[in-house]
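One structure is given below, encoded as C-alpha cells.
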Amino acid sequence: MQRLFASIVCFSLCAVMATAGAGKGGLKIEGSWTATGGSFGGKKVPDEIIAKVMLAISFKDGKYTASTMGKEDEAGTYTIDAKKKPAQIDLLPTSGKDKEKPQLGLIKIDGDLMTFAAAKNGDKDRPKDFEGGTGISVIVLKRGK
Numbered sequence: 200m201q202r203l204f205a206s207i208v209c210f211s212l213c214a215v216m217a218t219a220g221a222g223k224g225g226l227k228i229e230g231s232w233t234a235t236g237g238s239f240g241g242k243k244v245p246d247e248i249i250a251k252v253m254l255a256i257s258f259k260d261g262k263y264t265a266s267t268m269g270k271e272d273e274a275g276t277y278t279i280d281a282k283k284k285p286a287q288i289d290l291l292p293t294s295g296k297d298k299e300k301p302q303l304g305l306i307k308i309d310g311d312l313m314t315f316a317a318a319k320n321g322d323k324d325r326p327k328d329f330e331g332g333t334g335i336s337v338i339v340l341k342r343g344k
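Numbering of the sequence shown is given in the numbering used here, commencing with residue 200 and proceeding in unit increments.
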C-alpha cells in the first residue's frame, strides 16, 4: 500500500513539474522565439527573406509581442486550448496595424521548435492543419536561449 501511495505521489509531482513554467493551456510557450522558416499560401518563404525580416515573438503571462527587424510591430493577448488536437491559439492584437482583429491558429511545440499556423487577422476560419494553403501562414520558430 505504501508503494502504491508513493507511486501516486511521484506521478502527481511529475505531472506538476512537467507543466511548471508552461504557458496558458499547459504548453511551454512562454519565452522568446525567432522564426527559422515558413510558408504563406502553401509556398515556402525563401530563407534569405526569413533571415532579413528577423521575426521574433515573445510570450509571457497571456501577453505577446511580435517584432520584425528589431522593431515591435504588434502586441496583444493570447489564449491556448491545449485540449484540442492540435492545440488552438487565439491572438488578439491590442496594438499594430491589425489592432482588435483576432487571429485564429494552431500551435505545436516539439522541444525548442514551435510550429504556428494561422489565418489572416480577422478571418473567422481557423486552419485545419499545418500544411498551409490559401490565406494561411505557417511559421517555424526556435526558442531563444
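In this text, a Cβ means the ideal position worked out from N, Cα and C, and glycines have one as well.
- Skipping 5 residues on each side, what residues in its chain have a beta carbon closer than 7 Å to that of MET268? Position 69 of the sequence shown holds residue 268. Result list for MET268: VAL252 and MET253, in chain order.
- Cβ atoms of SER231 and GLY310: under 8 Å apart, would you say? Against the sequence shown, residue 310 aligns to sequence position 111. Against the sequence shown, residue 231 aligns to sequence position 32. In this structure, SER231 does not lie closer than 8 Å to GLY310 by Cβ.
- Task: Determine the closest residue to GLY337 out of LEU226, THR314 and LYS296, with distance taken between C-alpha atoms.
- Result: Within the sequence shown, residue 337 is the residue found at index 138, counting from 1. Reading off the sequence, residue 337 comes out as Val, not Gly. When only C-alpha atoms are compared, the closest one is THR314.
- Message: Does PRO292 pass the burial test, meaning 16 or more other C-beta atoms within 10 Å, or should it be called exposed?
- Response: On the sequence shown, position 93 is the one that residue 292 refers to. Classification of PRO292: buried, given that the 10 Å Cβ count is 16 or more.
- DSSP beta-bridge partners for VAL337? In the sequence shown, the residue the question calls residue 337 occupies position 138. Beta-bridge pairing links VAL337 to SER238 and ALA316.
- Whole-angstrom C-beta distance between GLY321 and LYS300, which should lie under 8 Å: The residue you call residue 300 lines up with position 101 of the sequence shown. The residue you call residue 321 lines up with position 122 of the sequence shown. Between GLY321 and LYS300 the Cβ distance is about 4 Å, and since that is below 8 Å, they are a contact.
- Whole-angstrom C-beta distance between THR264 and LEU340, which should lie under 8 Å: If you number the sequence shown from 1, residue 340 lands on position 141. If you number the sequence shown from 1, residue 264 lands on position 65. Not really, about 14 Å apart at Cβ, beyond 8 Å.
- Message: Tell me which residues share the same chain as GLY304 and place their Cβ nearer than 8 Å to its Cβ, disregarding the 5 neighbours each side in the sequence.
- Response: Here residue 304 corresponds to residue number 105 of the sequence shown, with the count starting at 1. Taken in chain order, the residues that qualify are GLN287, ILE288, ASP289, LEU290, PHE315, ALA316, ALA317, ALA318, ARG325 and PRO326.
- Task: Assign ILE248 to one of two classes, buried (16 or more other C-beta atoms within 10 Å of its C-beta) or exposed (fewer than that).
- Result: Mapped onto the sequence shown, residue 248 falls at position 49. When all chains shown are included, ILE248 counts as exposed.
- Query: Hey, would you say ILE279 sits closer than 8 Å to ILE306, going by beta carbons?
  - Reply: What you label residue 279 is simply residue 80 of the sequence shown in a count that begins at 1. What you label residue 306 is simply residue 107 of the sequence shown in a count that begins at 1. Closer than 8 Å, so yes.
- Message: Which residue wins for smallest C-alpha separation from ASP260, given the options SER266, ALA274 and LYS270?
- Response: Here residue 260 is taken as the residue at index 61 of the sequence shown, counted from 1. ASP260 has its Cα closest to that of ALA274, out of SER266, ALA274 and LYS270.
- Task: Compute the Euclidean distance between the alpha carbons of ILE228 and GLY236, then round it to the nearest angstrom.
- Result: To locate residue 228, count along the sequence shown from 1; it is residue 29. To locate residue 236, count along the sequence shown from 1; it is residue 37. One C-alpha to the other measures close to 18 Å.
- Task: Kindly list the residues whose CB is nearer than 8 Å to the CB of ASP246, restricted to its own chain and excluding five residues on each side of it in sequence; keep chain order.
- Result: The count along the sequence shown starts at 1 and reaches residue 246 at position 47. Closer than 8 Å at the Cβ level, and outside the excluded window around ASP246, lie GLY236.
- Item | DSSP-derived helix/strand/coil call for ALA281 | As a working note, residue 281 is residue 82 in the sequence shown. When secondary structure is reduced to three states using DSSP, ALA281 falls in the coil class, being assigned neither helix nor strand.
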